[in-house]
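In order, the protein sequences belong to chains A and B.
In this text, residue positions in the first sequence follow numbering that gives the first Met the number 0: the first is 0, and each later residue adds one.
In this text, residue positions in the second sequence follow numbering that gives the first Met the number 0: the first is 0, and each later residue adds one.
For each residue, glycine too, the CB sits at the ideal point set by N, CA and C.
Since the structure comes first, as structure tokens, the remarks are kept for the end.
Number of protein chains: 2
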Amino acid sequence: MHHLDCWIDTDATLCCTQHFAVAIKIKALNELAAKHSNLKVIQLEATDPESVSKAAKEVEAHLNGAGLNVLINNAGILTPCSIENVDAEDMLHVYSTNVVGPLLVVKAFLHLLKKAAKDNNEAGMSCSKAAVINMSAGLASITVCQETYDFIPVVSYRCSKTALNMLTKCQALGYTSDGVLCTAIHPGWVQTDLGGPNIISLIIVQTFHPKFFQRPDDSQIPAGKSVTLRITDSRRFYSWRFGFKVLI
Amino acid sequence: MHHLDCWIDTDATLCCTQHFAVAIKIKALNELAAKHSNLKVIQLEATDPESVSKAAKEVEAHLNGAGLNVLINNAGILTPCSIENVDAEDMLHVYSTNVVGPLLVVKAFLHLLKKAAKDNNEAGMSCSKAAVINMSAGLASITVCQETYDFIPVVSYRCSKTALNMLTKCQALGYTSDGVLCTAIHPGWVQTDLGGPNIISLIIVQTFHPKFFQRPDDSQIPAGKSVTLRITDSRRFYSWRFGFKVLI
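Shown next, in the form of structure tokens:
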């Protein structure tokens, strides 16, 4: 079982699933929530339809009639494996969390996203109306697989994230008529244990609605932190890992 | 459970998994085997490691010390579904057959493929040495998804075949040092219920060893039948479905 937390920022009506296998991270999130009254933490298991449905009901109650603007499917797992030792159990386990999870979560929260899209009269789609963001990875790219395969084969993870890109495309096509924007991004170097404390870089690897994200003006970048968002199209796979310059 | 047959042509030492849900097709295959002594039919369940292992042992015994030149992972399933009604069970079921199946089958037969590669002193890799061919699909393409999504969304199938392309890439990279060529192809219009009796067209959608297949000279095409093989690279997705001309 993967204990996942779903947190919502009620100012932005933003919802994010997060995988917290490490207890200290749950503690840190709860501490953050204690300091900020607009942050609400709700636990869910992304691969369990009942748990997801229960969390969606909690979020709905908390929103108190408002819609949900942004849903970030950030929960995911990576298990070390190679083509020699990967087995059926690992393949299905990783696929369940990384692909089936985002599918179930979006289905459960869809009525709230639709409501947010309907309640906003702006033209087109945007994250200020309703958006789903699935966390993909540079390792999802078949084209550049060779550059990293020898030192990080992670076959089950690669297959799952490639499939997640396809799921995102299907979600984008399926929910366009509802005004819900769906996209997959590769987070690059983020403010986690693997990243530094002052850098947040985001590169969109597959956006099916190219005008969703815009790189912010330099004047909008907070002191000491940088945000980089770059637009791609669905036929190319951009990643900070493989020589593409990250604009900061 | 999916009853799958594995047949080998002992002249070419070729092995193919085939999904036969319809009894008449099993009957037809057995009739074909009765007419041709070089065709041996062995039943296996591609998602069951024990069944796959048992089939590999039978093939090994039948080969009587020789290696296996070509393994075709043709077993696959498609279940009708949309982004609205696809569920966790269907996602995992289809992934298990279409992605985990080919993974398990290749692992179980790998020693025989390696033997065939080792026993042939020709330079490079080829299907006359040792090759794995995974049956992919035009529906695996994220880029052209939009062209068919409305009338055949099949989300679970699309996600699985996209993942199969990644698996194939990992197999190609993992087994190159063993001399085992791995590729994924989209069969296009083939000699099945969906195709005609006189056409066999094959288009390679992702070949990681570009010189594997060559289009045959016109003089080599048998009267009344055509074989088309076209080379692609791993960055593009060719398909007879979407306006690419099929050369016959």
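Residues that DSSP places opposite residue i in a beta bridge
{"i": "LEU77 of chain A", "result": "Answer by DSSP bridge pairing: none, since LEU77 of chain A is not bridged."}
{"i": "LEU180 of chain A", "result": "A:ALA130"}
Whole-Å CB distance - residue i paired with residue j, under 8 Å assumed
{"i": "ALA54 of chain B", "j": "LEU43 of chain B", "result": "4 Å"}
{"i": "ILE141 of chain A", "j": "ASN72 of chain B", "result": "Wrong, their Cβ atoms sit about 17 Å apart, outside the cutoff."}
{"i": "ALA136 of chain A", "j": "LYS128 of chain A", "result": "Contact doesn't hold; Cβ gap of about 26 Å is too wide."}
{"i": "GLY75 of chain A", "j": "THR96 of chain A", "result": "6 Å"}
{"i": "SER50 of chain B", "j": "VAL154 of chain B", "result": "Between VAL154 of chain B and SER50 of chain B the Cβ distance is about 28 Å, and since that is not below 8 Å, they are no contact."}
{"i": "GLU173 of chain B", "j": "GLU83 of chain A", "result": "Here residue 173 of chain B is Gly; the residue named in the question, Glu, does not match the sequence. Contact flag correct, Cβ pair sits at about 7 Å."}
{"i": "GLN248 of chain B", "j": "CYS181 of chain B", "result": "In the structure as shown, chain B starts at 0 and stops at 247, and residue 248 of chain B therefore has no counterpart that could be examined."}
{"i": "ASN68 of chain A", "j": "ALA130 of chain A", "result": "7 Å"}
{"i": "LEU91 of chain A", "j": "LEU91 of chain B", "result": "6 Å"}
{"i": "GLY41 of chain B", "j": "GLU30 of chain B", "result": "In the sequence as presented, Gly is not what sits at residue 41 of chain B; that position holds Ile. About 16 Å; that fails the 8 Å criterion."}
Below-7 Å beta-carbon distance, residue i vs any chain B residue
{"i": "ASN164 of chain A", "result": "yes"}
{"i": "HIS61 of chain A", "result": "no"}
{"i": "GLY173 of chain A", "result": "yes"}
{"i": "ILE132 of chain A", "result": "no"}
{"i": "VAL58 of chain A", "result": "no"}
{"i": "THR147 of chain A", "result": "no"}
{"i": "CYS144 of chain A", "result": "yes"}
{"i": "ILE141 of chain A", "result": "yes"}
{"i": "ILE184 of chain A", "result": "no"}
{"i": "HIS96 of chain A", "result": "It is Thr, not His, that sits at residue 96 of chain A in the sequence shown. By this cut-off, THR96 of chain A is not an interface position."}
{"i": "CYS158 of chain A", "result": "yes"}
{"i": "THR161 of chain A", "result": "yes"}
{"i": "VAL154 of chain A", "result": "yes"}
Residue-chain proximity (residue i, chain A), Cβ-Cβ < 7 Å
{"i": "SER218 of chain B", "result": "For SER218 of chain B, the pLDDT reaches just 37, beneath the cut-off of 50, and the residue's location in the model is therefore unreliable, although a value from the coordinates is still provided. Chain A contact via Cβ: absent."}
{"i": "LYS168 of chain B", "result": "yes"}
{"i": "ALA87 of chain B", "result": "yes"}
{"i": "VAL99 of chain B", "result": "yes"}
{"i": "LEU91 of chain B", "result": "yes"}
{"i": "ILE82 of chain B", "result": "yes"}
{"i": "ILE203 of chain B", "result": "At ILE203 of chain B, the pLDDT of 40 sits below 50, so the modelled position is not reliable; the number obtained from the coordinates is stated separately. So no, ILE203 of chain B is outside the interface."}
{"i": "CYS181 of chain B", "result": "no"}
Residue from the options whose Cα sits closest to the Cα of residue i
{"i": "ALA139 of chain B", "options": "A:ALA162, A:PRO152, A:LYS128", "result": "A:ALA162"}
{"i": "ILE132 of chain B", "options": "B:ASN120, B:VAL98, B:GLU146, B:VAL143", "result": "B:VAL98"}
{"i": "LEU62 of chain A", "options": "A:LEU111, A:MET124, A:THR175, A:ASN120", "result": "A:LEU111"}
{"i": "THR78 of chain B", "options": "B:ALA122, B:THR175, B:ALA33, B:LYS160", "result": "B:LYS160"}
{"i": "PRO48 of chain B", "options": "B:GLY100, B:ALA32, B:TYR148", "result": "B:GLY100"}
{"i": "LEU249 of chain A", "options": "B:LYS114, B:ASP86, B:LEU102, B:VAL105", "result": "What the structure shows of chain A is the stretch from 0 to 247, and residue 249 of chain A is not part of that stretch, so it cannot be assessed."}
{"i": "SER52 of chain A", "options": "A:LEU109, A:ILE151, A:SER125, A:LYS114", "result": "A:LEU109"}
{"i": "SER125 of chain B", "options": "B:VAL40, B:LEU70, B:LEU28", "result": "B:LEU70"}
{"i": "VAL93 of chain A", "options": "A:ASP118, A:CYS144, A:TYR156", "result": "A:TYR156"}
{"i": "SER176 of chain B", "options": "B:GLU146, B:GLY123, B:THR147", "result": "B:GLY123"}
{"i": "GLN145 of chain A", "options": "B:GLY64, B:LYS168, B:LYS39", "result": "B:LYS168"}
{"i": "ASP118 of chain A", "options": "A:LEU91, A:VAL105, A:ALA65", "result": "A:ALA65"}
{"i": "GLU121 of chain B", "options": "B:LEU28, B:SER36, B:GLY178", "result": "B:GLY178"}
{"i": "ALA183 of chain A", "options": "A:PHE150, A:MET134, A:VAL105", "result": "A:MET134"}
Residue i: CB within 6 Å of a non-hydrogen atom of the ligand NAD
{"i": "HIS35 of chain B", "result": "The ligand NAD is absent from the structure shown, which contains no ligands of any kind."}
### Query
At which residue ranges does the region 98 to 177 of chain B contain complete beta strand (DSSP E) runs of 3 or more residues, listed in the order of the chain?
Whole beta strand (DSSP E) segments, 3+ residues: 130 to 134.
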